[in-house]
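Position in the sequence shown counted from 1, then plus 33, gives you my numbering.
Some notes on the structure that comes next.
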Amino acid sequence: MATAKKRKTGSRRGGSSKKGNHRGLQLLLQLIVILLVLSGIALAAAYVYQRQSGIKTNDLSSESNENSSQPTENLLTGTWINNDTGAMFTIEGNHFNLDFPSVEAGKPMIGKIQFSGNSFILNATPMNDCENITGKYTFKLHEDDLKIILVNDNCTKRAHKLEGSWYKM
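What follows is the structure in structure tokens.
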């Protein structure tokens with residue numbers, strides 16, 4: 034008995050039809066569009082929230098209005114760490130200590146600090162680098178973030194280490 038070859042037909046058995054493939058792609062495309070729309074809504078909501086919360090950097094005058102019972106010295110009292118160099122700037126009353134992170138940088142610089150509004154003047158004590166050299170700086174304070182800006186300081190070591198952004202330890 035001879036066996037006849039079966040003819041292949043155009044339809045597949047057990048597989049999905051072209052229409053089924055299109056439905057899967059359409060569903061995937063709809064899901065992607067929905068995710069994109071939701072992402073856009075989330076970004077817009079975050080933008081509006083950020084604008085309404087008013088993230089600002091305050092100078093001392095606006096900060097002192099919030100903390101009017103505290104003089105400038107009290108607002109800056111404590112130890113501050115430089116974001117870039119790792120130097121430590123400690124203020125206690127009318128004294129300061131500027132400690133450098135590496136051994137090669139030398140011994141800490143100590144001296145007197147005098148505040149006036151949102152600025153301060155540094156004078157190193159005798160037997161220190163920068164002895165008899167006055168340095169003047171301004172600053173901006175926002176919560177525990179401090180930005181020190183050089184006005185005039187002929188002591189380059191102090192000016193280089195002190196100017197920049199600091200956070201409270």
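We put the CB at the ideal spot given by N, CA and C, even for glycine.
Here the structure is a predicted model, which means the values were calculated and not measured.
Rounded distance between the beta-carbons of residue j and residue i, thought under 8 Å
| i | j | result |
| --- | --- | --- |
| residue 185 | residue 169 | 5 Å |
| residue 197 | residue 117 | 5 Å |
| residue 146 | residue 124 | 6 Å |
| residue 113 | residue 183 | At roughly 16 Å, the Cβ-Cβ gap does not stay under 8 Å, so residue 113 and residue 183 are not in contact. |
For residue j and residue i, the rounded distance between their alpha carbons
| i | j | result |
| --- | --- | --- |
| residue 81 | residue 199 | 29 Å |
| residue 77 | residue 71 | 10 Å |
| residue 177 | residue 67 | 41 Å |
| residue 62 | residue 79 | 26 Å |
| residue 163 | residue 150 | 24 Å |
| residue 194 | residue 69 | 47 Å |
| residue 134 | residue 188 | 18 Å |
| residue 190 | residue 126 | 23 Å |
| residue 73 | residue 59 | 21 Å |
| residue 64 | residue 54 | 16 Å |
| residue 148 | residue 119 | 24 Å |
| residue 158 | residue 192 | 16 Å |
| residue 75 | residue 165 | 57 Å |
Span of the beta strand (DSSP E), counted from its first residue to its last, around residue i
| i | result |
| --- | --- |
| residue 180 | 178-186 |
| residue 168 | 167-175 |
| residue 156 | 152-157 |
Endpoints, the alpha helix (DSSP H) within which residue i is located
| i | result |
| --- | --- |
| residue 189 | 189-195 |
Beta-carbon proximity of residue i to residue j, cut-off 9 Å
| i | j | result |
| --- | --- | --- |
| residue 167 | residue 152 | no |
| residue 129 | residue 111 | no |
| residue 249 | residue 121 | In the structure as shown, the chain starts at 34 and stops at 202, and residue 249 therefore has no counterpart that could be examined. |
| residue 174 | residue 108 | yes |
| residue 140 | residue 115 | no |
Extract the residue ranges of the beta strand (DSSP E) inside the stretch 115-148, only unbroken runs of 3 or more that lie entirely within it. 121-125, 128-132
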